[in-house]
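Heads up: the structure comes next, in structure tokens.
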């Protein structure tokens, strides 16, 4: 009945509740921004980068947002990342755009 899973943070944009005016992609982008700022904070405090676990990140993001996210995570941050996706071809194509050769494991 209580705890962090019950906490609700409200974000406002021009005085309006972000959750009610933003698209699903915009809401997911905000969530990633919060998670990536947490990643930076942990990296700065601990002195080394934590692992990033990104589960089904492409579901509600357009290609531009996906490219920005992967560009930051894989190129700028140099993070070690575990990514799950329901479409392995899409993930492979994204990595090819960044000239990244990941280890890919297909689970069926």
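In our numbering, the protein residues as written are 6 to 113.
Heads up, the beta-carbon is just placed ideally off N, CA and C, and yes, glycines get one too.
{"Check": "Residue 40 to residue 90 span [Cα, whole Å]", "Outcome": "18 angstroms"}
{"Check": "Run of the alpha helix (DSSP H) containing residue 47, from where it starts to where it stops", "Outcome": "29 to 51"}
{"Check": "Local Cβ density within 10 Å of residue 18, reported as buried at 16 or more and exposed below that", "Outcome": "exposed"}
{"Check": "For residue 89, the residue or residues it bridges with in DSSP", "Outcome": "60"}
{"Check": "Cα-Cα separation, residue 96 to residue 25", "Outcome": "30 angstroms"}
{"Check": "Buried or exposed (CB count within 10 angstroms, at least 16 for buried), residue 88", "Outcome": "buried"}
{"Check": "Endpoints, alpha helix (DSSP H) assigned at residue 66", "Outcome": "First-last for residue 66: undefined, no H or E at that position."}
{"Check": "Any chain D beta carbon closer than 8 angstroms to residue 104", "Outcome": "Within the model displayed, chain D is absent; a lone protein chain is all it includes."}
{"Check": "Buried or exposed by the 16-neighbour rule on C-beta atoms within 10 Å, applied to residue 14", "Outcome": "exposed"}
{"Check": "Beta-carbon separation (whole angstroms), residue 84 vs residue 57, contact threshold 8 angstroms", "Outcome": "5 angstroms"}
{"Check": "Residue 98, DSSP secondary structure in three states", "Outcome": "helix"}
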